[in-house]
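These notes concern the structure reproduced below.
Here's what the structure looks like:
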């Protein structure tokens, strides 16, 4: 081989080593950078098949397993949902305060008992005071729980708006990174884009395709959010029923309804559109039923002054929000009826009948208490299920993250070992160049 | 025998005390519900525990109702007993009066005494308990149920039943209404007897003894009905207490740690020693009786 | 140790002992259920070494219903209970010998006290495999009998 050829080979070797050492240094420098994917050294694997498939060589420089990453994006969507479910539904559960002395379960029990005490002592005004007071406490609790649910719903409304804003921002970021990438292909931009994708996946259940270059397509419920030279934004719409907003979404580019089922947005959407309305509705049914039945029994009864036809609760109520004791009774407890007929002060039969109403199977073939109990149990199940799902999903995501990191992560030990290897190669190459140089010099001086 | 207010008060107080003693003294895990966490901890357990607590609370209400009923019923019983005594005394007087040896003046004196019994019984039938007329049906505070003008007694109460819910779906009627008392003809017979005495009509006097006898029997049977009701109340109360004690004894309502801790505490040498002692002696008993 | 001492000395031969131990594992029929649980009719007595001399009364109809019980022979109050059973409830001494009498235990809310319901003991007839909780109408037998003088 000609000396000059040796020179060329050495120079190539030197350049290779230099590039390798650069790559290794970059890896080491970015060991703690979030979303950084280990750069492969030229000689590692990325020629051939990838280039043949038209995949960007920039992307091929990054050590990654696309399959795992796409899985991760999907599972992160579920994680976002369960995490949010878990936290919010638990908050809702604590609103009810069950079991507890100020929870509705106990207050209803005390309400019923007060009627029996009155039935034992229908001549008494003080027993009437107790009935009224227990009723007021109970209706206040109905009002409060309902109002707390309403407040929670409003918070969630705000959260929905914020999350959509945030998601849209991330979508635009991806688009920006796409455009930047078209201009100056760099693995760093791809790293950043991956990061944003992960953040977005926690908010909404996105699907990704061609996650390795300019061909990336991000979609949601089959509709495209971002692709090459295309970006859309999520728009939300609220429709009101009884002052309650129900949310739907569409993309600004085509107005077709879009279903969001995962991510934290999927969670708060369900909670807003389904769970909370369901709880409120059940409370309303309970309240209305209670008011109707007790008023029916009470208005047939007589008080000590022979008055009859009086409602115990205000009759024109929508439900739990406004259930309240008849204001006349609030002002004058003597209006409370006990007897089945006039002039029989010792007759407590109507009060006894009202006590008995608690045993009537009036709602879904169960008592008022059964109905309320089943609501609380339902919420309990939902919390417990959300917690379980959250825990299992955390394991799934963690496992995928570990798998991803084992491919894409930087191992300092590994990098340092490679560094030594390439430093040696560099030294060897320099020696070769020096020797060739020396040889050439000696040849030249000889001439 | 005259019934005084203080006697009635004493009956009331003793009933209340008995009631208080028979209720369990310590707070139950069912009533404090301390071991029950939120539904999400264990939704299935929550549902059943809540139902148990409801039953427990209802049982407590029934016990309260029984206590209330006992006061009424025992007071009624005591008063009926006093009425009965008065009727018996009147009957004795009738025997004496029927005796041909009594003079007109003596008859007049006896008539006065009889008037005393009539007054007493009349007063007893208008008795109040905690401010309510006992024998007025459900007209407990309006007017006094019995009205005596010297020649007849009218009952102006009603036949209403006063009931107490003493167990699930079961209402016990606790009152004896005035018409039951009227049906014994006790006043009619006493007044006729008095009039017969005043008239000196000995044959009418002896005729009246049979009727008075019947009235006394009728009153006694009303009183014993009341006595049975009182026993029923006691038995029902006992059963409710036991039901609630059973509810409080459910292991599922304890946390596992409590159970082991408590058992460990009691499964001590002392208990074992006692047990061994008891066991030995009962084994001996068994053997002797078995093999005699 | 005392458990086996009692059992083996009160049986004339090993067959009787084996028979008795077998019976102890059979389901018991409670004709009236228990106060508060009238619809539960089938129960078992579960003897576990770890909790001896205590045992567990387990409902076979409703798994959540189980209670700790103890044979009254371990308690000083047994004499009183037996006497009441014979006097007031007309259970003959012969009959009383053939049945086991237990009491149901309860832990107080503050977890400090373990008490036995001496007012309503549990009668179990191993021959007929039948059981009943009898409510004794007596003021002298407490609902909460303290287990020892701790």
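Residue numbers (the numbering used here), protein chains in the order written: chain A, 497 to 943; chain B, 28 to 319; chain C, 3 to 152. Don't be surprised by glycine CBs; every beta carbon is placed ideally from N, CA and C.
Checklist entry - Less than 8 angstroms between the CB of residue 116/C and some heavy atom of the ligand COA, yes or no? => result As presented, the structure is devoid of all ligands, the ligand COA included, so that no description of it is given.
Checklist entry - What's the call for residue 752/A, buried or exposed, on a 16-neighbour Cβ count within 10 Å? => result The residue you call residue 752/A lines up with position 256 of the first chain. Residue 752/A comes out exposed.
Next on the checklist: How far does the alpha helix (DSSP H) with residue 64/B in it extend, from its first residue to its last?
Outcome noted: Here residue 64/B refers to the residue found at position 37 when the second chain is read from its first residue. From DSSP, residue 64/B is part of no alpha helix (DSSP H); its letter is neither H nor E.
Checklist entry - Would residue 524/A pass as a contact of residue 906/A if the rule is Cβ separation under 9 angstroms? => result Counting from 1 along the first chain, the entry for residue 524/A is found at position 28. Counting from 1 along the first chain, the entry for residue 906/A is found at position 410. Going by C-beta atoms, residue 524/A is nearer than 9 angstroms to residue 906/A.
Item to check | Presumed contact (8 angstroms Cβ cut-off) between residue 618/A and residue 849/A, rounded CB distance | outcome: Along the first chain, one-based indexing puts residue 618/A at 122. Along the first chain, one-based indexing puts residue 849/A at 353. With 8 angstroms as the limit, residue 618/A and residue 849/A do not qualify as a contact, their Cβ atoms being about 12 angstroms apart.
Item to check | residue 74/B to residue 119/C span [Cα, whole Å] | outcome: By one-based count along the second chain, residue 74/B stands at place 47. By one-based count along the third chain, residue 119/C stands at place 117. Each residue's Cα considered, the two are about 27 angstroms apart.
Checklist entry - Counting pairs of Cβ atoms below 8 angstroms between the segment 907 to 921 of chain A and the segment 636 to 648 of chain A, do you hit three or more? => result no
Checklist entry - Rounded C-beta distance between residue 531/A and residue 673/A? I'm assuming under 8 angstroms. => result Looking up residue 531/A in the first chain gives position 35. Looking up residue 673/A in the first chain gives position 177. Their Cβ separation, rounded to whole angstroms, is 12 angstroms, which puts residue 531/A and residue 673/A out of contact at 8 angstroms.
Checklist entry - Counting only beta-carbon atoms, is residue 77/B nearer than 9 angstroms to chain C? => result In the second chain, residue 77/B corresponds to position 50, counting from 1. No - not a single Cβ of chain C is within 9 angstroms of the one on residue 77/B.
Checklist entry - Mind pulling the chain B residues with CB within less than 9 angstroms of residue 946/A? => result In the structure as shown, chain A begins at 497 and stops at 943. Residue 946/A is therefore absent and cannot be evaluated.
Checklist entry - Who are the Cβ neighbours of residue 824/A in its own chain at under 8 angstroms, not counting the five residues just before and after it? => result Along the first chain, read from residue 1 onward, the residue named residue 824/A stands at position 328. Within the same chain, residue 824/A has close Cβ partners 806 and 831.
Checklist entry - Alpha carbon to alpha carbon, what distance is there between residue 876/A and residue 747/A? => result Within the first chain, numbered from 1, the residue matching residue 747/A stands at position 251. Within the first chain, numbered from 1, the residue matching residue 876/A stands at position 380. Spanning the two alpha carbons is a distance of roughly 36 angstroms.
Checklist entry - Can you tell me the Cα-Cα spacing of residue 119/B and residue 171/B, whole angstroms? => result Within the second chain, the letter at position 92 stands for residue 119/B. Within the second chain, the letter at position 144 stands for residue 171/B. If you take the alpha carbons of residue 119/B and residue 171/B, they lie about 29 angstroms apart.
Next on the checklist: Under 9 angstroms, CB to CB, which of the residues in the segment 116 to 133 of chain C have a partner in chain B?
Outcome noted: 116, 117, 119, 121 and 122
Next on the checklist: Suppose contacts are defined by Cβ-Cβ distances below 9 angstroms. Is residue 947/A in contact with residue 529/A by that definition?
Outcome noted: Residue 947/A falls outside the range modelled here, since chain A spans only 497 to 943, and no answer is possible.
Checklist entry - Just by C-beta distance, which residues in the segment 879 to 903 of chain A are closer than 8 angstroms to chain B? => result 879, 880 and 883
Checklist entry - Just the Cα atoms here: how many angstroms apart are residue 858/A and residue 814/A? => result Here the question's residue 858/A lines up with position 362 in the first chain. Here the question's residue 814/A lines up with position 318 in the first chain. Taking the straight line joining both Cα atoms gives about 19 angstroms.
Next on the checklist: Quick check on DSSP: helix, strand or coil for residue 132/C?
Outcome noted: Here residue 132/C refers to the residue found at position 130 when the third chain is read from its first residue. Strand, per DSSP.
Checklist entry - For residue 82/B, which three-state DSSP category applies? => result As a first step, residue 82/B must be located in the second chain, where it is residue number 55. Reduced to three states, the DSSP call for residue 82/B is helix.
Checklist entry - DSSP state of residue 903/A, grouped into three classes? => result Locating residue 903/A in the first chain gives position 407, counting from the first residue. Residue 903/A: helix per DSSP, three-state reduction.
Next on the checklist: Could you compute how far the alpha carbon of residue 194/B sits from the alpha carbon of residue 83/B?
Outcome noted: On the second chain, position 167 is the one that residue 194/B refers to. On the second chain, position 56 is the one that residue 83/B refers to. Taking the straight line joining both Cα atoms gives about 12 angstroms.
Item to check | Length at least 4, wholly inside the segment 554 to 639 of chain A: the alpha helix (DSSP H) runs in chain order | outcome: 562 to 592 and 600 to 616
Next on the checklist: Helix, strand or coil, according to DSSP, for residue 715/A in the structure here?
Outcome noted: What you label residue 715/A is simply residue 219 of the first chain in a count that begins at 1. DSSP places residue 715/A in strand when its eight states are reduced to three.
Checklist entry - Roughly how many angstroms lie between the CA atoms of residue 133/C and residue 48/C, to the nearest whole one? => result For this step, residue 133/C is matched to residue 131 along the third chain. For this step, residue 48/C is matched to residue 46 along the third chain. Rounded to whole angstroms, residue 133/C to residue 48/C spans 14 angstroms at the Cα level.
Item to check | Reduced DSSP secondary structure (H/G/I, E/B, other) of residue 77/B | outcome: Position 50 of the second chain, counted from the first residue, corresponds to residue 77/B. It is helical.
Checklist entry - So the beta strand (DSSP E) residue 914/A belongs to, where does it begin and stop? => result Here residue 914/A is taken as the residue at index 418 of the first chain, counted from 1. Counting along the chain, residue 914/A falls outside any beta strand (DSSP E), though it belongs to the alpha helix (DSSP H) covering 908 to 942.
Item to check | 8 angstroms Cβ shell around residue 201/B - same chain, five flanking residues per side excluded | outcome: Counting from 1 along the second chain, the entry for residue 201/B is found at position 174. Around residue 201/B: 96, 99, 100, 103, 189, 190, 191 and 256.
Checklist entry - Any beta-carbon of chain C closer than 9 angstroms to the one on residue 199/B? => result Locating residue 199/B in the second chain gives position 172, where the first residue counts as 1. No, because no Cβ of chain C sits closer than 9 angstroms to the Cβ of residue 199/B.
Item to check | Contact list for residue 589/A against chain B, beta-carbon separation under 8 angstroms | outcome: Residue mapping note: residue 589/A aligns to position 93 of the first chain, counting from 1. In chain order: 65, 66 and 67.
Next on the checklist: For residue 55/C, count the other beta carbons within 10 Å of its own beta carbon; 16 or more makes it buried, fewer makes it exposed. Which is it?
Outcome noted: If you number the third chain from 1, residue 55/C lands on position 53. Looking at its Cβ environment, which holds 16 or more other Cβ atoms inside 10 Å, residue 55/C is buried.
Item to check | Distance, residue 833/A Cα to residue 803/A Cα | outcome: As a first step, residue 803/A is located in the first chain; it is residue number 307 there, counting from the start. As a first step, residue 833/A is located in the first chain; it is residue number 337 there, counting from the start. Each residue's alpha carbon lies about 8 angstroms from the other.
Next on the checklist: What does the alpha-carbon distance come out to for the pair residue 785/A and residue 838/A?
Outcome noted: For the purposes of this step, residue 785/A is taken as the residue at position 289 of the first chain. For the purposes of this step, residue 838/A is taken as the residue at position 342 of the first chain. Cα to Cα, residue 785/A sits roughly 28 angstroms from residue 838/A.
Checklist entry - Name the residues in the segment 254 to 268 of chain B whose C-beta lies less than 9 angstroms from a C-beta of chain A; which are they? => result none
Next on the checklist: Run through chain B and tell me which residues come within less than 9 angstroms of residue 631/A, C-beta to C-beta.
Outcome noted: Numbered from 1 along the first chain, position 135 holds the residue referred to as residue 631/A. Within 9 angstroms Cβ-Cβ: nothing; residue 631/A doesn't reach chain B, min ~17 angstroms.
Checklist entry - With 16 other CB atoms within 10 Å as the buried threshold, where does residue 10/C fall? => result Numbered from 1 along the third chain, position 8 holds the residue referred to as residue 10/C. The predicted position of residue 10/C is uncertain, since its pLDDT is 40 and thus under 50; no value can be drawn from it.
Checklist entry - In terms of residues, what are the limits of the beta strand (DSSP E) holding residue 180/B? => result In the second chain, residue 180/B corresponds to position 153, counting from 1. Looking at the DSSP string, the run of the beta strand (DSSP E) that includes residue 180/B is 180 to 182.
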